[in-house]
Structure formats: C-alpha cells, structure tokens
Amino acid sequence: MLEGFIDTEIEQPKPKQKILLVDYHNLAMRNLFALPYDPTDVSFVGYRVAMLTSIRKLARDFSPNRIIFCREAHDRNWRYDVYPEYKLNRSAARESSIVDFDKFFPIHEQFIVNLSECCKNCQFLTIPRLEADDIIALIVMNKSEWDITLVSTDKDFYQLHKYTNFKQWDPIKNEYVTVLNPVAALTEKIVRGDKSDNIPPLQKGIGSKRFAKIYSDDLQKWLTDNNLQEAYDRNTKLISFNSIPTEFVSIVKNAVDSFKPEDFDARLFYSLVIGSGLGSFLDKTNDFINIMKNVK
C-alpha cells in the first residue's frame, strides 16, 4: 500500500427491490372470460384453477421480492362525487353476460380470502373508496426506490410510463408495454373518453387520427372554440391519476409500509386445493408452493 493512501471500500448502492403489482380485477376477468363457457361448472372450479396457474406463472417468471395484489374496494369510489354516472353501464353489461355474476362474486371473494390466508407473504391490498388503479398509481408515484412491474392489460396505466421505476407487462401479448408519449396517451383518453367506465368523449367521432391533429395543432384553442373546457376538466379528474385526492397518498403509503410478511402456509394451501374441489391443480401444487414460498 502506498504511504498515506487510505484503503477504503466504496459502498455499492443497494439493488432496488423487485416489486410485482397485480391488477387483481384485471387478472380475474381475463381468466374468467378466457375459459370456454361451461354451465355445469357452478362453483367456478375452472376459474379458480386458472387463477392459481396464472399466479404461479407470474411468481416464477418475475421472481419478485414482493407481490402486492391490488384490489377494488366495494364501497363508493371517490370519482362518483365528480361524476355520478361513472361506471353506471357496468350493471347492464353484467346482466347481459353469460356469466351469472350473482353466483360468481361470492365464490370469487371467498377464493381471495382463502388464498390470502395461505399467501401470507403476499399483500392483498384494498383501500376504502379506491380502485385498484388508484392504489397502483399511488404506489408507483411514491415509491421511486422500487423496481416495479405491473401485470395488467389496462390502458389506463399508460400515463404511468413517464415514471422510471415502472414497467407494464401485458400477459396476453406476453411482452412489456411500450408507450412513447405517456402525456399524449393520457390526453387522448381524456379527449376520447372511456366507454368501459361510462366517461363520455368531449365530442363524438374523434378517432386516433383526429385526436393527433387536434393535439399537434392547438388543443387549448380547440377546447376554447368548442366550449369544451369544463368537460375536459371533468374527464381529467376522472382519468388522470394526478387527480386522486391527496388524503389517500399517506393512507396507501402507510398500508404498504406497515405490511409484515409471514411464511407461506404450504399445509393450508394443500387443504385449500383438496378441500375446495380443485383436484385438477393437485399435480401443480408442489410447484406452486416451491415458487411462492420464495417471495419475501
């Protein structure tokens, strides 16, 4: 060693925690409607097996340090205070579906309860008055120290691609989502509305090409000339995650930070598979356990 030279080790930055966020409702609906309709499957065995298979694949493929299943609250979402007609089309769509949702939802909810009792190393997060989208957005926006992958096909999350800690995995296309201009993607949704959430467009007949011209010319002038500023502001409050009421920021942060993971309960999971009529998953049970117990 050279005289006077101080031998010090350079402290390496800690690797970021790999966090897997799962849009639980999106995952559930994809698995439910991906299955061929079977009127004899009154206890939705096929759906529950498909959910376990999907969760096993996600944990195996991404090897996360932590999994957070983000869920919908079943009370009145804060957006109804902004626009009472928000999502009023959902009940009609369910009534016309071949799926009997009156029978499905109780089974679905019990399945979540049973699964969460086994997967105590994973967080099943529900916050009153928030949708899963809100929870996901607030985590991404306030956990810059995490390396976050979201599993969802929902285009609502395109606006989050401006955050460097965020990636979105499309499980149908089996690839990461690429959004070149998240601000433009958000603005387009505000202008064109969201039919699935009963959010009206600012004007009828605006497609992607028409929006691109409006956006590149002068959006503000177009809003003023067509007296659309109020409607634009309303849609912004409904769609932009920056409009989530600030009181929920600390609520979500505290819920995430206070979670204390416990060991995965393999014995209880065996009981769930055997006792819930999920025998078709039995040959995958050991693999599921070995994968899930590594999530800490």
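Per this note's numbering, the sequence shown starts with residue 80, numbered consecutively. Positions of the beta carbon are idealized from the N, C-alpha and C atoms, including for glycine.
Across the structure, Val-352 and Phe-184 are spaced so that their CA atoms are roughly 19 Å apart. Assignment of Trp-225 by DSSP, reduced to helix, strand and coil, places it in the strand class. With a beta-carbon spacing of about 6 Å, Leu-317 and Val-161 fall inside the 8 Å limit used to define contacts. By the CB criterion at 9 Å, Cys-201 and Val-374 fall inside the cutoff.
Within the model, the alpha-carbon separation for Ser-142 versus Arg-271 is close to 37 Å. At least 9 Å separates the beta-carbon of Val-128 from that of Phe-320. In the same chain as Trp-225, and ignoring 5 residues on each side of it, the C-beta atoms closer than 7 Å to its own belong to Lys-95, Gln-96, Ile-98 and Asn-244, in chain order. In the DSSP assignment, Leu-167 falls outside any alpha helix (DSSP H), carrying neither H nor E.
Shown here, Tyr-255 sits in a strand according to DSSP, grouped into three states.
Here Ile-323 has Asp-213, Ala-216 and Leu-217 as same chain residues with Cβ atoms under 7 Å from its own Cβ, once five neighbours each way along the sequence are excluded. Here Tyr-159 has Tyr-165 as same chain residues with Cβ atoms under 6 Å from its own Cβ, once five neighbours each way along the sequence are excluded.
The region 364-371 and the region 253-261 do not touch, with fewer than 3 CB-CB distances between them shorter than 8 Å. Take Ala-113, set aside five residues on each side of it, and the residues of its chain with a beta-carbon closer than 8 Å to its own are Ala-129, in chain order. Counting only runs that start and end inside the region 319-357, the alpha helix (DSSP H) elements of at least 4 residues fall at 326-336 and 345-354. In the structure shown, the three-state DSSP call for Ile-269 is helix.
Following the DSSP letters along the chain, one finds Leu-209 in no alpha helix (DSSP H), marked with neither H nor E.
Distance from the Cα of Asn-277 is smallest, within the candidate group Arg-289, Arg-313 and Leu-302, for Arg-313. By the neighbour-count criterion, in which 16 or more other beta carbons inside 10 Å mark a residue as buried, Gln-247 falls on the buried side.
Annotated as distal: Ile-134 and Val-335, with beta-carbon spacing of 9 Å or more.
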